[in-house]
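Counting in our numbering, the sequence shown runs from 7 upward without gaps.
Glycine included, C-beta positions come from ideal geometry on N, C-alpha and C.
Here the structure is laid out as C-alpha cells; the discussion comes afterwards.
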Amino acid sequence: MPDAAPILVALETSCDETAVAVLRGEELLASEVASQIALHAAYGGVVPEVASRQHLRALRPVLTAAMHTAGLEIGAVDAFAATSGPGLASSLMIGACAAKGLAVALGKPFLAINHMEGHLLSPFFGTGIGVPPSVALIVSGGHTLLVEIEAFSRYRLLGQTQDDAAGEAFDKVGKLLGLPYPGGPNVDRLARTGDPTRHHFPRSMLDSGDFHFSFSGLKTAVRYLLPKLETPHLPDLCASFQEAVVDVLVEKTVRAANTTRRKIVAVSGGVSCNSRLREKMQQACTRHGLRLLLASPTLCTDNAAMIGYVAALKLARGETSPLTTDIDPNLRLAA
Ligand code: KG4
Ligand code: ZN
C-alpha cells in the first residue's frame with residue numbers, strides 16, 4: 007500500500023463497546039476497544055442509557071489512544087467513518103455525531119457504515135484476496151444471518167433466525183445456568199470439559215428445507231430440563247447445548263455453500279469466537295472441499311477495525327456519505 011493511501015478513523019458505538027480504529031488504506035494502524043461488559047454485568051444485559059453515557063465518557067480517551075498508537079495527529083486524517091446501524095439508537099448516535107463533528111471541523115468526508123457489513127467482511131480483512139464470491143455466516147449477539155456475497159456491496163440474504171440470535175441463546179442459557187454475563191464465552195469455557203452427548207437437545211429447523219434458524223426452543227428445552235436434574239453437571243449441559251447450536255450452524259452453512267456453488271465460506275460475529283464452532287466448521291468445510299475463512303478473534307466481537315475496513319473499501323471507490331445520513335437502529339444488510 008503506497009504512503010498516499012488515505013488515513014481513515016472509524017468509530018464503533020452500536021452497543022456496549024466503544025471502539026476506534028485508524029487505517030492507512032486497508033492497513034490497520036490501530037484498533038482500540040473499551041468494553042463496557044463489567045458495567046452491564048450487574049444488570050445481566052446491556053442497559054441502553056448506561057451504554058450511551060459510557061460511550062460519551064470513553065470516546066475521547068479511546069480516540070486519543072488510537073491516534074497515539076497509530077503515531078498520527080488528528081489533522082492527518084483524510085476521512086471519518088462511524089457505524090450508523092443496526093444497534094441501540096442512543097449508542098449509535100454518540101459515534102455517528104462524533105465522526106460527523108470531526109469531519110465538519112476538519113473539512114473531511116464522512117462515511118456511514120453498516121455494522122453487519124463490518125462483521126460480514128471481517129474474515130477477508132488482511133487476507134489480501136479482496137471480497138471474493140462466497141457464502142457468509144454472521145453469528146452475533148443480535149443476529150444470525152446466512153448471506154451470499156456476490157462481490158463487495160452485492161449481498162443476498164439466504165436466511166436468518168426466526169427468533170433468538172445464536173449469541174442471544176448462549177447468553178440466555180448462560181443466565182439460566184447462573185453463569186456470569188455474557189454467557190457465550192463462559193458456556194464455551196465450561197463445555198471444553200463436558201460431554202456433548204450427555205443430553206440431547208433439539209436441532210431446530212435443521213430439516214426445514216430453507217436457510218433460516220430458530221434458537222428459542224433450544225433455550226426452552228434447557229429451561230425444562232434443569233429442574234429435572236438432581237445435580238446438574240454444568241460442563242455436560244454447556245457442551246450438549248453448544249453442540250446443538252453448532253450442529254445447525256455448520257450444517258446449514260455448508261448446505262448454503264453447496265446450493266449456491268460457492269467455494270469460500272466466511273464466518274464472523276461474536277459467536278464465531280466459539281471454539282467448537284471453529285473446530286466443527288473447519289472439519290465440515292474440509293470434508294466438502296470448501297475454503298473456510300474465520301474472522302481473527304479480535305475481529306469477531308465488536309470492534310472498529312471491521313468498520314474501518316468497509317469504509318476503506320468504499321473510499322477507494324470514491325463513495326462517501328452525506329452529513330444528513332441518519333442513524334438507523336434497524337438498518338438491514340440486504341433484501
Ligand atoms: O458480535 P458481538 O460482539 O456483538 C453483537 O454485534 O451482537 O457478539 C456478542 C455475542 C454475545 O452473545 C456473546 O455471548 C457471544 O457473542 N460470544 C460467544 C463467544 N464469545 C462471544 N458465544 C459463544 N462462544 C464464544 N466463545
Ligand atoms: Zn456486532
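Check each candidate in V228, A48, L108 and name the one with the smallest Cα separation from A175. Within the sequence shown, the letter at position 169 stands for residue 175. That would be V228, whose Cα lies nearest to the Cα of A175.
Could you tell me which residues DSSP puts in a beta bridge with Q166? The residue labelled residue 166 in the question sits at position 160 within the sequence shown. Answer is L151.
Can you find the residues in the same chain that come closer than 6 Å, C-beta to C-beta, to P8, ignoring five residues on each side of it along the sequence? In the sequence shown, the residue the question calls residue 8 occupies position 2. Low confidence applies to P8: its pLDDT is 44, below 50, so where it sits in the model is not reliable, and the reading given next is rough at best. If we look at P8 and ignore the five residues flanking it on each side, it has no Cβ neighbours.
Tell whether a beta-carbon distance below 7 Å holds between S140 and A272. Here residue 140 refers to the residue found at position 134 when the sequence shown is read from its first residue. Here residue 272 refers to the residue found at position 266 when the sequence shown is read from its first residue. For S140 and A272, yes; Cβs fall inside 7 Å.
Output the distance between the C-alpha atoms of L212 and K258, rounded to the nearest integer angstrom. Indexing the sequence shown from 1 puts residue 212 at position 206. Indexing the sequence shown from 1 puts residue 258 at position 252. Taking the straight line joining both Cα atoms gives about 7 Å.
Taking any heavy atom of the ligand ZN as the mark, which residues have a C-beta closer than 5 Å to it, listed down the chain? S146, D308
Under 8 Å: do the region 305 to 320 and the region 329 to 337 share three or more Cβ pairs, one atom per stretch? no
If distances are taken between C-alpha atoms only, which option among P241, S214, S246, D216 comes closest to K225? Translated into positions along the sequence shown, residue 225 becomes position 219. Of the candidates P241, S214, S246, D216, the one whose C-alpha sits nearest the C-alpha of K225 is S246.
Flag this pair as touching only if the region 45 to 56 and the region 122 to 134 have three or more C-beta atom pairs under 8 Å; answer yes or no. no
DSSP on L65, reduced to helix/strand/coil? Taking the sequence shown and counting its residues from 1, one reaches residue 65 at position 59. Note: L65 maps to helix in three-state DSSP.
Could you give the distance in angstroms between the alpha-carbon of C291 and the alpha-carbon of G81? Stepping through the sequence shown from its first residue, residue 291 is reached at position 285. Stepping through the sequence shown from its first residue, residue 81 is reached at position 75. So the two alpha carbons sit approximately 46 Å from each other.
Between the C-alpha atoms of L14 and S41, what's the straight-line distance to the nearest angstrom? Position 8 of the sequence shown, counted from the start, is the residue given in the question as residue 14. Position 35 of the sequence shown, counted from the start, is the residue given in the question as residue 41. Spanning the two alpha carbons is a distance of roughly 22 Å.
Can we count N280 as close to the ligand KG4, meaning its CB is less than 6 Å from some heavy atom? Mapped onto the sequence shown, residue 280 falls at position 274. Result yes, Cβ under 6 Å from the ligand KG4.
Per the DSSP calculation, G136 is bridged to which residue(s)? Residue mapping note: residue 136 aligns to position 130 of the sequence shown, counting from 1. Answer is none; G136 lacks a bridge partner.
Measuring only the C-alpha atoms, how far is L45 from A109? What you label residue 45 is simply residue 39 of the sequence shown in a count that begins at 1. What you label residue 109 is simply residue 103 of the sequence shown in a count that begins at 1. If you take the alpha carbons of L45 and A109, they lie about 30 Å apart.
Assumed close pair H125, G275 - CB separation to whole angstroms, cut-off 8 Å: Position 119 of the sequence shown, counted from the first residue, corresponds to residue 125. Position 269 of the sequence shown, counted from the first residue, corresponds to residue 275. Right, their Cβ atoms sit about 5 Å apart.
V277 CB to nearest heavy atom of the ligand KG4 below 6 Å: Within the sequence shown, residue 277 is the residue found at index 271, counting from 1. Checking every heavy atom of the ligand KG4 against the Cβ of V277, one is found closer than 6 Å.
Could you compute how far the alpha carbon of D84 sits from the alpha carbon of L321? Taking the sequence shown and counting its residues from 1, the one referred to as residue 84 is at position 78. Taking the sequence shown and counting its residues from 1, the one referred to as residue 321 is at position 315. So the alpha carbons of these two residues sit roughly 10 Å apart.
Whole-angstrom C-beta distance between G93 and S20, which should lie under 8 Å: The count along the sequence shown starts at 1 and reaches residue 20 at position 14. The count along the sequence shown starts at 1 and reaches residue 93 at position 87. Yes, S20 and G93 are in contact; Cβ-Cβ is about 3 Å, under 8 Å.
Look at the Cβ atom of D242, then the Cβ atom of G190, and state whether they are nearer than 7 Å. Position 236 of the sequence shown, counting from 1, holds the residue named residue 242. Position 184 of the sequence shown, counting from 1, holds the residue named residue 190. No, they are not a contact pair.
Taking its Cβ as the centre, do 16 or more other Cβ atoms sit within 10 Å of I119, making it buried, or is it exposed? Against the sequence shown, residue 119 aligns to sequence position 113. It is buried - the Cβ of I119 has at least 16 other Cβ atoms within 10 Å.
Cβ-heavy atom distance, P241 to the ligand KG4, below 6 Å: Residue 241 sits at position 235 when you count from the first residue of the sequence shown. No; taking the cut-off as 6 Å, the Cβ of P241 has no heavy atom of the ligand KG4 nearer than that.
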